[in-house]
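Encoded as structure tokens, the structure appears first; notes follow it.
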Amino acid sequence: MEETQANAAGESAEITTAKAVWQVVRDAFGEAVSELDANPFMPFFEVLERERWRDIALFMRDDPVLLFNYMACLSGVDYPEEEKLGIVCNLESLGKHGHKIAVKVKCEREGGAIPSVAKVWKTAEWHEREAFDMYGMIFTGHPDLRRILCPEDWEGYPLRKDYEVQETYHGIKVPN
Amino acid sequence: MSNRIAEGFTMSEYFRDIGSSITTIMTGMGITLRHFFNAVKRKGGAGIDEDNYFKQVDGLATLQYPREAIPTPETGRYRLYCDINDCIGCKQCERACPIDCITIETIKVTKDDLGVCGKTSGGQQKKFWVPVFDIDIAQCMTCGICAAVCPTECLYHTQVSDFSEFRRENMIYHFGNLTKLEAEAKEKKLEEEKKAAPKPKPKPAPKAQPAEGG
Amino acid sequence: MNTGALLPNSFPFVMSTSLNAWSDALSELYLFGLPLGLVIIAAVPLVFIALYALTYGVYGERKISAFMQDRLGPMEVGAWGILQTLADILKLLQKEDIVNKSADKFLFVIGPGVLFVGSFLAFAVLPFGPAFIGADLNVGLFYAIGIVALEVVGILAAGWGSNNKWALYGAIRSVAQIVSYEIPAAIAILCGAMMAGTLSMQQFNLLQEGPYGFLHFFLFQNPIAWLPFIIYFIASLAETNRAPFDIPEAESELVAGYFTEYTGMKFAVIFLAEYGSMFMVSAIISIVFLGGWNSPLPNVGSLALNDWTNGPVWGAFWIIMKGFFFIFIQMWLRWTLPRLRVDQLMHLCWKVLTPFAFVAFVLIAVWEIYVK
Amino acid sequence: MQELGKSEQSSLRVTPQGKGRVLIEKDLSSEEMVLNMGPQHPSTHGVLRLECKTDGEVVIEAEPYLGYLHRCFEKYAETVDYPGVVPFVDRMDYLASMNNDLAYCIAVEKLLDIEIPRRVEFIRVLVSELNRIASHLVAIGTYAIDLGAFTPFLFCFRDREHLLGLLEWASGARMLYNYILIGGVAEDLPKGFIERTREFVSYFRPKAVELQKLLTENEIFVKRTRGVGMMPADVAINYGWSGPMLRGSGVEWDLRKIDGYSVYPELDFSVCVPDGKFSDIGDSLSRHLVRAMEMEESLKIIEQCLDMMPGEEGFNPRAAIPKRIRPKAGEVYGRAENPRGELGFYIQSDGKSTSPLRCKARSSCFVNLSAMKELSMGQLIPDLVAIIGSIDIVLGEVDR
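Protein chains in written order, with the working numbering: chain Z, 1124 to 1299; chain R, 41 to 254; chain H, 13 to 384; chain E, 2 to 401.
Dropping the structure here:
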């Protein structure tokens, strides 16, 4: 715990680049994105107008200053107290910039939809399928939105906090 | 690939292909033949922790398992074993186990029995009987977390790596230090002691194990 | 069968002449009006083949592969696992004989049979010695390479009859491969036939007889003979579906190829046929290019090695040893090389082996006509 | 059924021949066949299923189906405490458990903000590089077996045996180590480990050369892999490829250099990228070459670790392990270079519980495999096998 200061020097660079990145996005999209949460672990901002998420993604990928060509990770997240589901995307610019930032997009818990970025980063296709599989949010515009890890006819979305496992699956008792 | 052949396919390339095929195939065959003739030698059975491990001959590497086996190093972490004489019934291992393969039930030792119950090898007075200390070794994934949390180091992994059984029930190892009858007797004794001295008793009843386990 | 190897070197010649007389007498043995003697003589090689294919072929393959890979191989049944194959056969005999519900039952059943017959019919013309030959046809060589083509029918029947996609792939690949490789193989064999001027298998051996042993073999009689020799060897690998041409049964691609659906004894029969044809092509190559049952040892001065090591029993010994040698090379190749791809296989056949076979054919013809 | 009728109709050509006669010709045009490759197939490295549409030997499209080995890692991680997750992390990419542990521990330690003793760092790097070699040996060996060469596979496994022995000696287990813990390692290295590792390095160098001669330089192997499964660098990045896959496409990107975690910045090693002379950049052979070269780099790293490792006087491997791991509320994405690429953990902590609120594993194989559909288009079946092999998937990590 005492070593926070020692790490802070290294991490502040990350935060400053994240701030710069966020500023570029903010300038382009204004209030569509939230303030930057400049925490030392994973600086992120949230896309408030989620219909514009795909435009933001495309902008972030193609803007010569940003060039976020690499999506490291896309994780589905459940926010039961906010009654929301969301995704967290860890983006990185591979190559000359090398900066990183995380983006969050949230949608309603029941029947919520998030624009798909599978066309922007192809890697997002399977990540989004996985998020759909585990949380059940719809990714609009996804080329092939099916379950990926669970069987096609599985009931419920396993990683939601209120998930209850089904009793039987095709007559087989599901172990709890 | 086939296109590549079709496109830039010159006569010299054709013969170079044949030439390199022959030479590389010959090299490969030389290697396998060397191994073939090396098959008169067999690697010994020295364990990794022995000094001559990498000085063993470079021959056939097979060990015929039931008769010969790779020696398990001293640090080997395989079958879980509990030295129940040292167990103080703290249930830390039960809580730490990520897959809940340890089941422990304890009975508090009555005052007059403290001597009978004895001390651990480290000299600590044991305060609980442990009538049930079951390890489902079939579930155990030998991660070693339980052994790490054990305060008296009575729970540890042994080097025995092959302990298969024909019946699944045999994979549940019972380490408890009381038989069922003895356990009932001890419980009764504890009840009597409690009745005899209904003084301040903040401690939870030892039998209420499930609630505590959560 | 290779008792000849155990005989002391000093009087094999005497032994073999007496053996010759003995086998002549045997061939005239009639019991109850039946030519039993002939049957016995004809059966000896077949018994050997069955024995070889059942035990030594499979066992040898497993041991050789094991030693090349720093393993021990089978060790449990008998000393050094020598009876492992027997145990396997017993196991296969006990296995349930499963026929797919949707399989074409007729084709499925006859497939292994045709395969087996195809690969073993050729043994009829293989001379195992001056006295041991099933049928000395005047077109023996032609018959041998022709009858092997029957295997294709068996493979296709097996692959199609299984009603399994992998088996179908295997069968089609196999047919394409075998039919293609017949061409360089046949041309290469023709080179040998040109050198001999005959198609009779026994004549091949007689022509390569001589006091200088291996120097009389066609491989050393002609400066270009190594080319058809190598071409035939490579093509024979492909014809018997051995690595690196084992694409019809490529286990990492097609599971097991055309015999994916076979179990029990049918599977064993396919296996047997494979090892049978392995020996068959090895025997053909040693007859055509390496003197068949002739001893390779030359007479050196007063040491009449060649004379001592020739004769009916020695003949069987030599041809079997030569066969084993090529089988060893086949196994050696198999356990060294990766597998070719289908198009590369065809590339090798049509663009490399066939042109070279033609070149060899012309050169040998020129040599035979103008030089020799 | 309808489709069948339609295609049959279209393949019939009817030409009037006069006098009321017609000539009916049937085209040789064939239908597509759906070929189910896996989940029980020798070359799918586990339980991957590929549904291939084939036209003869040509695969028109291959659609991967996953989940046969799904073990609910992420759900499970939410129910056990932070150190308890480590054994489960082991079981994700079971061929490189040390590297998995390292990635997870890096993520949690980032959240906890603790300093790790220097010797622990060196031990971690040492064992994870040993494990990287072991993992690459499996990758190369199974790739050989996919292409029909059996012997290199067994040579690889013979050498891997020594590595497993070393790691067993250090950690106690042969495959699923649970050795790298949050804040430390389970045990100090046993006495003699450093010398034995040195001996291993000198033992392994000639073996790697032999393997290279037997397999990598073999013309048939080169012919089978060169130009097969081409992946241009920009598409590879877009697909999120990482590790040897991305480097095989010519992108010099290695988390050990980029992130510089642990003591990697102090070590001298190079990022292996094929030079394009022996292989076409981006093909299966390049990916294989990267793995082969990385083994050599790992040996270098191991040697340096052995040289630079601080002494063991008064060293307690568990000194920095917090008594009770309960990170502050927050989220973190920690990652490390796995033998198969970037293994990342997105961990969310609510600050109250001792188990993570969300623990997502960004598995490298999962991401690398997602390009399978594109890679497989128009390839021959044998090439498909070569491509799957070059991706080097571990289904335990794909399905988690």
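Backbone N, C-alpha and C fix where the C-beta goes; we use that ideal spot for every residue, glycine too.
Every value quoted in this text rests on a predicted model; they were computed, and no experiment measured them.
Here's a check: name, in chain order, each residue in its chain whose Cβ is nearer than 7 angstroms to the Cβ of residue i, leaving out the five neighbours to either side.
i, result
"S263(E)", "E122, R125, V126"
"H137(E)", "R292, E295, M296, P340"
"T355(E)", "D82, Y83, R325, I326, R327"
"M181(R)", "I139"
"V189(R)", "Q132, C133, A136"
"V293(H)", "S248, E251, T252"
Residue i lies in the beta strand (DSSP E); which residues open and close that run?
i, result
"Q349(E)", "342-350"
"H214(R)", "212-214"
"S1306(Z)", "Here chain Z covers residues 1124 to 1299 and nothing more, so residue 1306(Z) does not appear."
"R1252(Z)", "It is not in any beta strand (DSSP E) - R1252(Z) instead sits in the alpha helix (DSSP H) that spans 1247-1258."
"Y121(R)", "120-122"
"R336(E)", "331-339"
Taking the alpha helix (DSSP H) that residue i belongs to, which residues open and close that run?
i, result
"P207(E)", "194-212"
Would you say residue i reaches chain R, if we count a Cβ-Cβ gap shorter than 8 angstroms as a contact?
i, result
"F201(E)", "yes"
"W92(H)", "no"
"F79(H)", "yes"
"R83(H)", "yes"
"E9(E)", "Residue placement at E9(E) cannot be trusted, given a pLDDT of 47 that sits under 50; what the coordinates show is reported in the next sentence. Judged by the 8 angstroms Cβ criterion, E9(E) is not in contact with chain R."
"N219(E)", "yes"
"M145(E)", "Inspection of the sequence shows that residue 145(E) is occupied by Ala rather than by Met. Not closer than 8 angstroms to any Cβ of chain R, the Cβ of A145(E) fails to qualify, so no."
Closer than 6 angstroms by C-beta to residue i: which residues in its own chain qualify, once you throw out the five before and the five after it? Chain order, please.
i, result
"L219(H)", "A208"
"W330(H)", "W305, S307"
"S161(R)", "D126"
"G84(R)", "Q96"
"G391(H)", "Shown here, chain H extends from 13 to 384; a query on residue 391(H) therefore has no answer."
"H1265(Z)", "S1239, A1241, E1251"
"D1160(Z)", "F1167"
Shorter than 8 angstroms from the beta carbon of residue i to some beta carbon of chain E?
i, result
"G68(R)", "yes"
"C1212(Z)", "no"
"C183(R)", "yes"
"S264(H)", "yes"
"R44(R)", "For R44(R), the predicted model reports a pLDDT of 47, less than 50, meaning its position is unreliable; a value from the coordinates is still stated below. With 8 angstroms as the cut-off, R44(R) counts as an interface residue toward chain E."
"T126(R)", "According to the sequence provided, residue 126(R) is Asp. The question's Thr does not apply to it. So no, D126(R) is outside the interface."
"R117(R)", "yes"
Among all the DSSP beta bridges, which residues are the ones paired with residue i?
i, result
"W169(R)", "I147(R)"
"P65(E)", "L51(E)"
"C360(E)", "I348(E)"
"P1238(Z)", "T1263(Z)"
"Q380(E)", "V60(E)"
"N1213(Z)", "C1196(Z), A1225(Z)"
"L36(E)", "C53(E)"
With a cut-off of 8 angstroms, does the C-beta of residue i fall near any C-beta of chain H?
i, result
"R225(E)", "yes"
"L230(R)", "no"
"F76(R)", "yes"
"E79(E)", "no"
"A287(E)", "For the sequence presented, residue 287(E) should be read as Ser rather than Ala. Closer than 8 angstroms: no."
"L268(E)", "no"
"V386(E)", "yes"
"P40(E)", "no"
Keeping to the same chain, check which residues put their C-beta closer than 8 angstroms to that of residue i; ignore five residues upstream and five downstream.
i, result
"L216(E)", "I141, A145, A150, P153, F222"
"L381(E)", "E58, V59, V60"
Quiz item: Hey, which unbroken runs of the alpha helix (DSSP H) at 4 residues or more fall wholly within the region 232-257 of chain E?
Solution: 234-239, 245-249
Quiz item: At which residue ranges does the region 1140-1169 of chain Z contain complete beta strand (DSSP E) runs of 3 or more residues, listed in the order of the chain?
Solution: none
Exercise. Mind listing, in chain order, the continuous beta strand (DSSP E) runs of no fewer than 3 residues lying wholly within the region 258-325 of chain H?
Key: none
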